[in-house]
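Asks: The structure's right below; bear with me while I get my questions together.
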Amino acid sequence: MEHSTAPQEERRQQARTPFRRRRRPTERVFTLGVHVDLVRPEEVMHHVVEAVASGERWRIGNHNAHSIYLSKINADFAAFFDAADLIEIDSTPLIFFTRILGLHTRPFHRCTYLDWREHFWSLANRNQWRIFYLGGAPDVAERAAESLRRRYPGVLISARNGYFDVSAGSNENTSVIDEVTAFQPQILFVGMGMPRQEIWIQQNIDLLPACVVFSVGAAFDYEAGVQCAAPRWMGRAGIEWLFRLVGDPRRLFFRYCIEPWFLLPACCADIARAIVDRRLLRSHEKTRTKIRRADAANLGAPPF
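Pasting the structure below:
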């Protein structure tokens with residue numbers, strides 16, 4: 185009698201995967217005028233594995249106070265998030281705020297490249313993924329790629345700096361798309377800073393090969409050692425922004441000290457809406473209790 189080896193191979197694959205196979209469906213919530221997904225780092229990896237296995241084209245972005253501000257003033261940037269398949273929360277203060285609103289966010293829903301990079305590269309190494317990185321200054325991207333090749337020899341990495349004319353139809357942009365297409369990556373990291381990277385992805389997504397496309401900011405600057413990553417405890421405490429501000433005050437002062445004030449009207453609107461919703465919920469519960477008591481009295485039974 186002939187037996188298939190497929191179930192045994194599947195069990196072996198599950199044993200090799202360090203992430204839980206079973207998970208709750210991704211919950212998407214709406215706050216401050218944008219959508220975000222409540223995912224843990226390991227759940228992001230599950231989505232990536234499934235997208236790569238199925239050959240689907242995915243867009244994965246992340247929201248923080250800066251990106252929410254940009255979404256309100258840049259329609260092309262906002263369009264990327266409208267079409268994104270997964271939107272991580274890259275902000276502990278945003279998690280604190282949504283918890284005040286009564287949403288189901290938790291500290292472990294803070295999820296960025298720095299939170300899952302070790303898991304990701306181990307997974308990529310084991311599965312021998314093809315990864316293209318687009319972004320960074322000249323030589324920085326290649327330096328980061330070389331460092332990653334030494335640590336993860338199973339990964340095939342190609343890198344190209346982000347200094348080119350991103351205008352649709354320009355010779356340089358066409359050349360970059362041709363280079364990415366020729367490489368046929370399973371993962372494409374685009375790290376050209378907000379809003380440039382998201383707008384580029386949105387404008388060129390249909391010209392790119394089917395792969396998982398991440399907007400990752402300065403990811404390869406960290407891998408190349410050009411930029412220092414804040415300790416992860418600072419991220420969990422909600423003060424990573426302070427670490428970055430001290431490191432580059434001229435560039436980041438407006439982002440961290442001025443932009444949040446433009447979100448104040450949206451914050452107030454969300455809080456007011458949450459208060460109304462809670463009052464309506466309490467009123468609804470009181471009405472239901474009265475109805476139950478009235479029904480119980482009519483039946484001559486105890487009210488509960």
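Per the numbering used here, the very first residue in the sequence shown carries number 185; after that it's consecutive. Ideal Cβ placement from N, Cα and C applies to all residues, glycine included.
Measure the alpha-carbon distance for A214 versus V220 and round it to whole angstroms.
Replies: Along the sequence shown, read from residue 1 onward, the residue named residue 214 stands at position 30. Along the sequence shown, read from residue 1 onward, the residue named residue 220 stands at position 36. Looking at the sequence provided, one finds Phe at residue 214 rather than Ala. Rounded to whole angstroms, F214 to V220 spans 7 angstroms at the Cα level.
Asks: Kindly indicate which residue of C295, G319, R466 has the alpha-carbon position closest to the one of E382.
Replies: Along the sequence shown, one-based indexing puts residue 382 at 198. Of the candidates C295, G319, R466, the one whose C-alpha sits nearest the C-alpha of E382 is G319.
Asks: So, helix, strand or coil for F348, using DSSP?
Replies: As a first step, residue 348 is located in the sequence shown; it is residue number 164 there, counting from the start. Residue state, collapsed to three classes: coil.
Asks: Just checking N246 against the ligand SAM - is the residue's beta carbon closer than 7 angstroms to any of the ligand's heavy atoms?
Replies: As for the ligand SAM, it is missing from this structure, which has no ligand bound.
Asks: Could you tell me which of K256, E240, D390, L270 sits nearest to P225, measuring between CA atoms?
Replies: Position 41 of the sequence shown, counting from 1, holds the residue named residue 225. Nearest option by C-alpha distance: L270.
Asks: Looking only at DSSP bridge pairs, what is T215 linked to?
Replies: Translated into the one-based positions of the sequence shown, residue 215 becomes position 31. Note: T215 sits in a beta bridge opposite V218.
Asks: For I271, which residues does DSSP report across the bridge?
Replies: Reading the sequence shown from its first residue, position 87 is the one you call residue 271. DSSP output for I271 lists G245 as bridge partner(s).
Asks: Alpha carbon to alpha carbon, how far is C451 from A413? Give it in angstroms, no decimals.
Replies: Taking the sequence shown and counting its residues from 1, one reaches residue 413 at position 229. Taking the sequence shown and counting its residues from 1, one reaches residue 451 at position 267. Roughly 29 angstroms separates the two Cα atoms.
Asks: Taking the beta carbon of P369 as the centre, do at least 16 other beta carbons fall within 10 Å, making it buried, or is it exposed?
Replies: Taking the first residue of the sequence shown as 1, we reach residue 369 at position 185. Result: buried.
Asks: Would you kindly check if the distance between the Cβ of Y336 and the Cβ of N309 is under 8 angstroms?
Replies: As a working mapping, residue 309 is identified with position 125 in the sequence shown. As a working mapping, residue 336 is identified with position 152 in the sequence shown. Cβ atoms of N309 and Y336: closer than 8 angstroms.
Asks: Excluding the five sequence neighbours on either side, which residues of its own chain have a C-beta within less than 7 angstroms of the C-beta of T331, listed in chain order?
Replies: Walking along the sequence shown from the start, residue 331 turns up at place 147. The identity of residue 331 in the sequence shown is Ser, whereas the question assumes Thr. Excluding positions up to five away in sequence, the list reads E407, A408.
Asks: Does DSSP classify G319 as helix, strand or coil?
Replies: As a first step, residue 319 must be located in the sequence shown, where it is residue number 135. Reduced to three states, the DSSP call for G319 is strand.
Asks: Candidates R435, R457, R420, W384: which alpha carbon is nearest G286's?
Replies: Here residue 286 is taken as the residue at index 102 of the sequence shown, counted from 1. The residue with the shortest Cα to Cα distance from G286 is R457.
Asks: In three-state DSSP terms, what is S399?
Replies: For the purposes of this step, residue 399 is identified with residue 215 of the sequence shown, where counting begins at 1. Reduced to three states, the DSSP call for S399 is strand.
Asks: Mind the definition here: the segment 277-293 touches the segment 336-348 only if three or more C-beta pairs lie below 8 angstroms; say whether that holds.
Replies: Counting Cβ pairs under 8 angstroms, fewer than three are found: no touch.
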